[in-house]
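Heads up, the thing below is written out as structure tokens.
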Amino acid sequence: MTNQSTNPIHSQAYEEAATYITSRTSIKPEVGLILGSGLGVLGDHLTDVTSIAYEQIPHFPVSTVEGHAGELLIGRLNGRPVVLMRGRFHMYEGYGPELTSFPVRVMRELGVSKLVVTNAAGGINTGYEPGDLMLISDHINLTGRNPLVGPNEARFGDRFPDMSEAYSRKLRALAHDTAKENGFALREGVYIGVLGPSYETPAEIRMMRILGADAVGMSTVAEVVAARHCRIEVLGISCISNMASGILDQPLSHAEVIETTERVKSRFLKLVSEVVPKL
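Right under this line is the structure:
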């Protein structure tokens, strides 16, 4: 297990970030959205939008990854007040888990009670194909890090939060129904989170399959742990952007990730924009 220092974020930092955001908009968001590589296009479908660059928000990190715009949007998605992260933070960028999950606690300060978290992931399950959308039923944390290490923020949640239903069954059922209404089906499986930034070796993928993982990625787990600590219900969606190392006889690239998410964006947009008002 990787060592990590105690959480360096002062509890006032969450309030200060939230106070700044509320000073810029009259909308009180109920649902939070964190969008992965190539999926930020959903932000173009908000109305009554206020856009805030991450660097303007007190204590916010800055996203450095291609495909992550680096802005917070507050607006309405099909009438539902939302706060949307166009781009997220990753531990492989050098941020600790307490910083990658910092926006989740800020969302809680803003009044968010539901979180939709999306990512681009490599398919481990050999029955999957690039372009599939997978609801996350559970995750395995192989990053060796946890955002709750350090003094407990008791105002957010318990010292030892329950993770037996990290991803809400009720919200997954809503997503399945929404997809069915629109004529397509969703996969459902286990997401395994790794530190990155290098892609996994074929041997690591074989190990992950034995562990029961269906898809692998370099994000999401810290955000979800923080959300459940805050008692926020979570819906997780992975876009299977490529097959993981060793499954196909071809190298992996981030360009392929962006290309696949572009190809499936119409289904992704339909799913999320229609499910959010039901949450």
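Numbered continuously in the numbering used here, the sequence shown closes out at residue 1308.
Quick reminder that beta carbons are idealized off the backbone N, C-alpha and C, glycines included.
Just so we're clear, the structure is a prediction, and the values are computed from it rather than from any experiment.
Given residue i as reference, the closest of the options once Cα atoms are compared
{"i": "residue 1144", "options": "1295, 1045 and 1250", "result": "1250"}
{"i": "residue 1212", "options": "1300, 1067, 1049 and 1045", "result": "1300"}
{"i": "residue 1179", "options": "1173, 1171, 1172 and 1188", "result": "1188"}
{"i": "residue 1050", "options": "1102, 1233, 1155 and 1038", "result": "1102"}
{"i": "residue 1266", "options": "1220, 1287 and 1254", "result": "1220"}
{"i": "residue 1171", "options": "1224, 1078, 1182 and 1205", "result": "1224"}
{"i": "residue 1086", "options": "1222, 1043 and 1298", "result": "1043"}
{"i": "residue 1209", "options": "1070, 1296 and 1076", "result": "1296"}
{"i": "residue 1119", "options": "1068, 1222 and 1290", "result": "1222"}
{"i": "residue 1135", "options": "1057, 1107 and 1289", "result": "1057"}
Simplified DSSP state of residue i, which is helix, strand or coil
{"i": "residue 1039", "result": "coil"}
{"i": "residue 1274", "result": "strand"}
{"i": "residue 1057", "result": "coil"}
{"i": "residue 1261", "result": "coil"}
{"i": "residue 1122", "result": "helix"}
{"i": "residue 1115", "result": "strand"}
{"i": "residue 1205", "result": "helix"}
{"i": "residue 1230", "result": "coil"}
{"i": "residue 1256", "result": "helix"}
{"i": "residue 1163", "result": "strand"}
{"i": "residue 1140", "result": "coil"}
{"i": "residue 1215", "result": "coil"}
{"i": "residue 1244", "result": "strand"}
{"i": "residue 1091", "result": "coil"}
{"i": "residue 1178", "result": "coil"}
{"i": "residue 1190", "result": "coil"}
{"i": "residue 1289", "result": "helix"}
{"i": "residue 1184", "result": "coil"}
{"i": "residue 1295", "result": "helix"}
{"i": "residue 1129", "result": "helix"}
{"i": "residue 1303", "result": "helix"}
{"i": "residue 1086", "result": "coil"}
{"i": "residue 1158", "result": "coil"}
{"i": "residue 1308", "result": "coil"}
{"i": "residue 1071", "result": "helix"}
{"i": "residue 1195", "result": "coil"}
Which residues DSSP lists as bridging residue i, in chain order
{"i": "residue 1110", "result": "1105"}
{"i": "residue 1150", "result": "1269"}
{"i": "residue 1049", "result": "BP columns for residue 1049 are empty, so no partner."}
{"i": "residue 1168", "result": "1220"}
{"i": "residue 1080", "result": "1102"}
{"i": "residue 1064", "result": "1115"}
{"i": "residue 1145", "result": "1062 and 1264"}
C-beta contact flag for residue i and residue j at 8 Å
{"i": "residue 1177", "j": "residue 1258", "result": "yes"}
{"i": "residue 1203", "j": "residue 1293", "result": "no"}
{"i": "residue 1130", "j": "residue 1252", "result": "yes"}
{"i": "residue 1215", "j": "residue 1163", "result": "yes"}
{"i": "residue 1218", "j": "residue 1244", "result": "yes"}
{"i": "residue 1141", "j": "residue 1112", "result": "yes"}
{"i": "residue 1284", "j": "residue 1229", "result": "no"}
{"i": "residue 1148", "j": "residue 1055", "result": "no"}
{"i": "residue 1128", "j": "residue 1090", "result": "yes"}
{"i": "residue 1169", "j": "residue 1264", "result": "no"}
{"i": "residue 1066", "j": "residue 1287", "result": "yes"}
{"i": "residue 1060", "j": "residue 1109", "result": "yes"}
{"i": "residue 1105", "j": "residue 1076", "result": "yes"}
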